[in-house]
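S.K.: Residue numbers (my numbering): 6 to 93. The C-beta atom is built at its ideal place from N, Cα and C for all residues, glycine as well. Pasting a structure below so you can have a look.
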């Protein structure tokens, strides 16, 4: 089951990837700002996606099919990728 929107970042100072989560995909960027990062300085956005109840990161396409299989959403005729507004 999908539990949060998530963004995967590469942090240059630590040479690490991190995943920050929130209700919508803008929340992780606000979290970076609260941690003292300036926009697009010291980090790179790698991918937007979602977190599952198992802690797994799924990209938007994987998350779409996961949400359909969990019956969180119904399949539609649009693109097969998930946006948070489809969930909540």
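Got a sec, what are the start and stop residues for the beta strand (DSSP E) residue 14 sits in?
M.R.: Position 9 of the chain shown, counted from the first residue, corresponds to residue 14. Residue 14 -> beta strand (DSSP E) spans 7-16.
S.K.: Alpha carbon to alpha carbon, how far is residue 70 from residue 56?
M.R.: On the chain shown, residue 70 is found 65 positions in, with the first residue counted as 1. On the chain shown, residue 56 is found 51 positions in, with the first residue counted as 1. Their backbone Cα atoms lie some 13 Å apart in a straight line.
S.K.: With 16 other CB atoms within 10 Å as the buried threshold, where does residue 74 fall?
M.R.: As a position in the chain shown, residue 74 is number 69, starting the count at 1. So residue 74 ends up on the exposed side.
S.K.: Determine the DSSP secondary structure at residue 66, reduced to helix, strand or coil.
M.R.: As a position in the chain shown, residue 66 is number 61, starting the count at 1. Three-state DSSP puts residue 66 in a helix.
S.K.: For residue 36, which three-state DSSP category applies?
M.R.: One-based indexing of the chain shown puts residue 36 at position 31. The answer is helix: DSSP assigns residue 36 an H, G or I state.
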